[in-house]
Every structure is written in structure tokens, then in C-alpha cells.
Amino acid sequence: MSSRKDAASSVDNKKLTFRLVLLTILPASMLELVNNIYNLYVPIYIQAGGPTFTKEVMTFGFGMGAFFVGFWMVVDNILAFIFSPFVGALSDRTRSRWGRRLPFILGGLPLIIIGYALIPVGPTRIPAELNGQHARLTGLFVFFIASCVIYFLGFVPVRSILQTLRQEAVALPERSKVESWYICIVNAFTIAAYLYGRKLYELSGPLVFWTVLGLFVLSAAATLVFYKEPKELAGTVEVRKSSNLKQILSIFKEAPPGYARNIFCYLASVMLYGITLSSFLNFTPSWVVVTLGINESKAAAIMAVFWVAATVVPLPMGYLVGTKFKRRTLYILGIWTTLASSLLLFFAPSLYPVGLAGLGAGLAITLNFQLPMASEVIYDKKALGTMVGLYNFVYMFGVLVGANSAGLLIQLTSYRALYPAVAVFSLAAAAFASSIRPGAAS
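Just so we're aligned: the sequence shown equals residues 2 to 443 in this note's numbering.
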């Protein structure tokens, strides 16, 4: 027991330094930037050239409909939902001279590089006379889809591992600061990529993909070369189970009284906020168009209010932990901010700048403290990879449910039903978070 306490004490003495920002936060931020660019352009590649798609796009495409886009854009979430718990458990059970986490980054990096670099190549090979004629582009379409799948197979495990790495690299009080820097860097780079990446896109479609990929590769390479996992974590065998499933179940079975309940309440809150987040992220732009009666170009400008708030809020919030504010309290505050903003948008849509800024702030505050709480509700801190895998499992389940249920609700009723639904799920997420007993997550 004393060795466990000594190890935990050694880890908890680690402070957030500029070196750790570069080695743990930057690669995670750049990978998320890579995926944001994927989410921006891949739907265009799939639909371009189709009879119902705008003729103003600069690229050739496969002419598929919106239904296929909706399906394809959640495939990575489905893979994360299926594989993340096992990736986390396997990483906790892995022992190598590089530690527990780095082998997964090393193994996934080639898949990300190959798949992502090839994604924009397929559309550039489409002859002008075949633009949008997917029935005659089978070979290129298979190449395009295969490139996406290769990218997914690297992205899903590496993303989960980087989440774990950036948390366990520092002490518990520092972990909210880690997330605040992560969110701030991701959003700032994404805004810059959206604004200035189009210049690269105008020169050549693949350039914007290859540029952000290069940023990620450089940051990941620095992590692989210079990051050293704490020896007290890399060398331990205390949490090794005979299988990944037993490793996952041990999180609950071996937890002292009260910890299992806290884990359940935490995961339930994460799932419900995943439903909330997916609902308003996917449908708020359309709500703006429908409710305000404007075109998509003006709607994009209005949505900037949301993203600016989501960028500037997390950094100061991350540094509040350790003062008189508790992490769980701030997490619940973020959920309540989302709830209040959704009610404002429902009852007073004319106040949309305030409501959208509130949604962005609520998102930033909640996510700032959500992942760090994963390392607090578990008893054995050396099983953090397993816990992060479970976190991704329930979070992705919530994202999938939220996107589909909100879309069905709007189709059956109207866009006025969007924010009451967001409010209901926010309230449920806050209720479960409030049920976490202080001590395990404080």
C-alpha cells in the first residue's frame, strides 16, 4: 500500500511546465485540428457535383446525398464508441521500454499520416466531365473511403491515448489547467484554419490537409522523442489483469465503497452532456438560419459569437481550481450555463448573441473540467487509461444519441423543440454530477 501512495505522491508533485505543454497538450490540440479540417471539407468532397448541392464550390466531388454524409460523419464516433474502452484498458496493461502510452502513438501515427494525406487526393483525380457522377467514380470513391478508414484506425486510439497522457503527466490540481490550454489552443487554431486555410485550399485542396497534418506530425514526433513516462507508472504491475474486459470491470469491482457510485454518476453525467452537446452543436447553425430567416453565410458569421466565447473562457476557468472553487462545482456551473443559455434562446430568441455566447461559454467550462474528473473518481490512479476509455465510450454514445434524437425531434415538431430538449438533458447531467460525493471529485 505504501508503494502505491509513494507513486501517487510522486506523480502528484508534477507541475504544468512549458515543456509539458509542448509535449502533451500541443500534439492533442493539433490532432483535434486535423479532425476539424476533416469535418469541414470531407462533407463537401462527398456532395460536390451533386444536383442538389451548391455549384459555387471549387472542388470536384462524388455527388452523394446528405443522407450518406450524415452516416459517414459519425463513423469515427462509432469506432471510438466501440474501441476506446479496450484501447484504454490495453494501454494500462502494456509494458514496454517506451512506457504504456507511447507505443500506441507510435503505432497509430503511420496510419494517420497515410490515410489523412490521401483523403484529398481522390477528389483531385476526378475528371471534370465526371464531376458528381458517383456511379462512374467507383474506383476513386473506394480509394477515398479507404483513405478515411485508414485515418480513423490511427486517429481513434491515438486520440484516446493523448487524452490520458496529457492528464497523467501532471498533478491532479494541474489537470484542469491542462484542459484549459488544450481547448484554447484547439479553438484558436481552428478559427485561424477556417479563416486563413481557405487561401491554401484555393491554391490546392490537399495543401490545407497536408499543412495541418505536418503540424501534428511535428508535435507528435517531439512527444515520442522527448516525453518520458513517470517510472512509477511505466513500471507498475499492480493494475495488470488477464484480459481487457477484466481490466475494465475492475474499475467498478475493486473500487472501495462509494467510489463505484461516484463512477456511475460521473459516467451518466458525461453521457447526458454528450447528448446535450451533440444536439446543439449539430443543429444550432440551422436553428439560426430558420429562426432568424437569414442565409448560411450570415449564420456562419453569427456562430462566430459561440466560438469566440468557447475560446476565451476556458483558460481563466482552468486556473480557478485550487482557489476557493472546486472542480466538481465548476463542472456543474458549466452545465447550468448551458441550461440557462438554452432557455434564453427558447424564450427570447432575439437575444441570440447572449444565448450563443452562453452556449459557447457553457461548453468550454464543462469540457474544461469533465475529463480531469475522470482521474479523480477512480481509486487507482494507475488505471487512468481504462477510465479514459470508459469516458470516451459513454461520451460517444451520448454524441450518437444526441445527433439522431435531436434530428428526429426537430423533424417531427420544429426547431423550437431544440432548446427545450437541450435544457432537459442539461438538467439531468447536472443532477448526476451533483450526486457525486465530495472527496472523489472535488
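Just so you know, even glycine gets a beta-carbon here, dropped at the ideal spot from N, CA and C.
All values derive from a computational prediction rather than experimental measurement.
Close-in-space but distant-in-sequence residues of the same chain around residue i (CB under 7 Å, 5 per side omitted)
i    : result
S270 : A430, F433, A434
L119 : S148
P257 : Y380
L410 : A418, A422
V35  : Y117, V213, L214, F217
S220 : L27, P28, M31
L321 : L331
P373 : Q168, R176, S177, E180, R328
W211 : A118
P354 : V306
I115 : I151
Proximal residues to residue i (C-beta, below 6 Å), its chain only, five neighbours per side dropped
i    : result
R20  : none
S427 : T277, I336, T339, L340
For residue i, three-class secondary structure by DSSP
i    : result
F326 : strand
E33  : helix
Q371 : helix
T414 : coil
S97  : coil
S205 : coil
L321 : coil
K254 : helix
Y228 : coil
G133 : coil
K16  : coil
T60  : coil
I295 : coil
S279 : helix
Y171 : In the sequence as presented, Tyr is not what sits at residue 171; that position holds Val. In this structure, V171 counts as coil in the three-state DSSP scheme.
I47  : helix
I303 : helix
P354 : helix
Exposed unless 16 or more other CB atoms sit within 10 angstroms - verdict on residue i
i    : result
T338 : buried
K448 : Residue 448 is absent from the model: the chain starts at 2 and stops at 443.
V240 : For V240, the predicted model reports a pLDDT of 49, less than 50, meaning its position is unreliable; a value from the coordinates is still stated below. So V240 ends up on the buried side.
S342 : buried
F1   : The question about residue 1 has no answer here: the residues shown for the chain are numbered 2 through 443.
V43  : buried
T312 : buried
R126 : exposed
Reference residue i; option with closest CA among the options
i    : options                : result
M272 : G386, V289, L391, A256 : L391
Y379 : S351, L364, A136, A261 : Note that residue 379 is Ile in the sequence shown here, rather than Tyr. Nearest option by C-alpha distance: A261.
V157 : Y183, V76, A193, W182  : V76
Y152 : P104, L110, E180       : L110
L122 : V226, F190, L208, L268 : One detail in the question is off: residue 122 reads as Val in this sequence, not Leu. Minimum Cα distance to V122 is reached at L208.
G363 : L166, Y332, T125, G408 : Y332
I192 : S181, L357, W308       : W308
G294 : Y416, I184, T277       : Y416
V22  : A194, S181, M304       : S181
G326 : G140, K200, F370       : Note on residue identity: the sequence assigns Phe, not Gly, to residue 326. Nearest option by C-alpha distance: F370.
T367 : L357, F348, T330       : T330
V88  : Q412, V70, P44, F394   : F394
G108 : N188, A194, A170, R160 : R160
A170 : M304, K200, L103       : L103
Spatial distance of residue i from residue j (CA atoms)
i    : j    : result
G275 : G399 : 4 Å
M388 : L131 : 48 Å
D93  : V150 : 26 Å
I162 : S351 : 43 Å
V218 : I113 : 9 Å
V306 : R96  : 46 Å
A375 : T224 : 23 Å
G64  : W73  : 14 Å
V425 : G403 : 12 Å
T237 : P128 : Low confidence applies to T237: its pLDDT is 49, below 50, so where it sits in the model is not reliable, and the reading given next is rough at best. Answer to the nearest angstrom: the Cα atoms are 57 Å apart.
L316 : A310 : 11 Å
S406 : F265 : 23 Å
K178 : M318 : 8 Å
F105 : R167 : 14 Å
L91  : N245 : 6 Å
A61  : V289 : Sequence check: residue 61 is Phe here, not Ala. Cα-Cα distance, rounded: 29 Å.
F190 : N40  : 15 Å
L1   : P52  : Residue numbering for the chain in the displayed model covers 2 to 443; residue 1 lies beyond these limits and cannot be assessed.
Y267 : Y396 : 11 Å
L141 : L196 : 29 Å
Y183 : A136 : 42 Å
L334 : G356 : 16 Å
L24  : V291 : 44 Å
I412 : F348 : Here residue 412 turns out to be Gln, not Ile, going by the sequence shown. If I take the Cα positions, the gap works out to 20 Å.
Q134 : I45  : 14 Å
Beta-carbon proximity list for residue i, same chain, < 8 Å, skipping 5 on both sides
i    : result
I186 : I26, L27, S30
A384 : D93, V240, Q248, S251, I252
L401 : V75, N78, I79, F82, S279
Proximity test, Cβ basis, 8 Å: residue i and chain C
i    : result
I264 : Included in the structure is just one protein chain, with no chain C present.
Residue i: CB within 7 Å of a non-hydrogen atom of the ligand MN
i    : result
T212 : The ligand MN is absent from the structure shown, which contains no ligand whatsoever.
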